[in-house]
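Take 78 as the starting number for the sequence shown in the numbering used here and just add one per residue.
Even for Gly, the Cβ is constructed at its ideal location relative to N, Cα and C.
All of these numbers come straight from a predicted model, not from anything done at the bench.
Here the structure comes first, spelled out in structure tokens, and everything after it is commentary.
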Amino acid sequence: MVKFEQYSGVLFDLHGVIADSSQYHLQAWHQLADELGIAWSSTLNETLLGMDRPEAVVTILKAGHRLDQYSEEERRKLGEHKNQMYLELISHMSPVDVLPGIIDFLDELKAQHYGVVLASASVNAPLEIKKMQLENYFPLIVDPATLSHNKPDPEIYQRAAEMLKLPSDKCIGIEDSKTGLTAVNRSGALSVGVGETAEIASATVKFHSTNELTLAGIREQIDRH
């Protein structure tokens, strides 16, 4: 039986959980598609979030039936070009981009001596954390470049738990997407979903917004299970 007391680590996704920087990613991907003459669609808008850069480039090129026109090296350069556009967009990030309630929750975790790790698929996560002045909360950040598999594979959450020297089942993983929650669930961590009902259906603990995130709120839902 799951008990709240067994958890001593919290593993955070970034986009949609700590900051709404996913909008900048989509804007940069949209710009790349426009430059390539590939029509943007609601499908691309929904599927690109959470993908790593090479996978996203392939997805956009496939949408425009252009994949066979680009070598692997050319696709890599397209990804780098998108990243430069993204870096320009997030250069304006600041503490005002932190989602509601997150600072209070991080302060609560610190006061209660929980271990905290950032488990984001974005290689730019350390820069975003710095822009939002959250470095003191996240001394530990998984480097996605060291991983073999991206979400929904559980590797990133298993690595995050290892950084805390904890087994995954002693950790709580917080996500806002189906893909991310699949990764958390597969890792063995307790899944906490934040966001729209359909998107977080697979989470064990569910909140509509980051403003609701508290240890007491997590405990209450675990006890109900």
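Candidates the options, of which the one nearest residue i by Cα
i, options, result
"His285", "Val269, Arg296 and Ile299", "Val269"
"Ala278", "Ala222, Thr287, Asn262 and Ala293", "Asn262"
"Phe81", "Ile249, Val271, His142 and Glu185", "Ile249"
"Gln235", "Glu157, Leu195 and Tyr101", "Leu195"
"Arg152", "Ala140, His142, Pro131 and Ile167", "Pro131"
"Met78", "Asp253, Asp246 and Glu252", "Asp246"
"Leu292", "Thr256, Lys187 and Thr259", "Lys187"
"Leu113", "Leu125, Ser119, Thr223 and Ala140", "Ala140"
"Asp181", "Leu211, Lys159, Met170 and Pro203", "Leu211"
"Ile218", "Pro231, Leu241 and His226", "Leu241"
Exposed unless 16 or more other CB atoms sit within 10 angstroms - verdict on residue i
i, result
"Asp300", "exposed"
"Gly93", "buried"
"Leu138", "buried"
"Val200", "exposed"
"Asp145", "exposed"
"Thr274", "exposed"
"Pro216", "exposed"
"Glu252", "buried"
Spatial neighbours of residue i in its chain, beta-carbon cut-off 6 Å, leaving aside the 5 residues before and after
i, result
"Gly178", "Thr287, Asn288 and Leu290"
"Pro229", "Thr256, Thr259 and Ala260"
Beta-carbon separation (whole angstroms), residue i vs residue j, contact threshold 8 Å
i, j, result
"Pro221", "Ala198", "5 Å"
"Ser85", "Tyr191", "6 Å"
"His102", "Tyr163", "6 Å"
"Val193", "Phe89", "7 Å"
"Ala110", "Leu121", "7 Å"
"Ala266", "Ala238", "7 Å"
Own chain partners of residue i with C-beta closer than 8 Å, once the 5 adjacent residues on each side are dropped
i, result
"Arg296", "Phe81"
Own chain, CB closer than 7 Å to residue i, minus 5 neighbours either side, in chain order
i, result
"Val134", "Arg152, Leu155 and Gly156"
Under the three-state DSSP convention, the category residue i falls into
i, result
"Gly93", "coil"
"Leu109", "helix"
"Ser268", "strand"
"Gly178", "coil"
"Gly114", "coil"
"Leu88", "strand"
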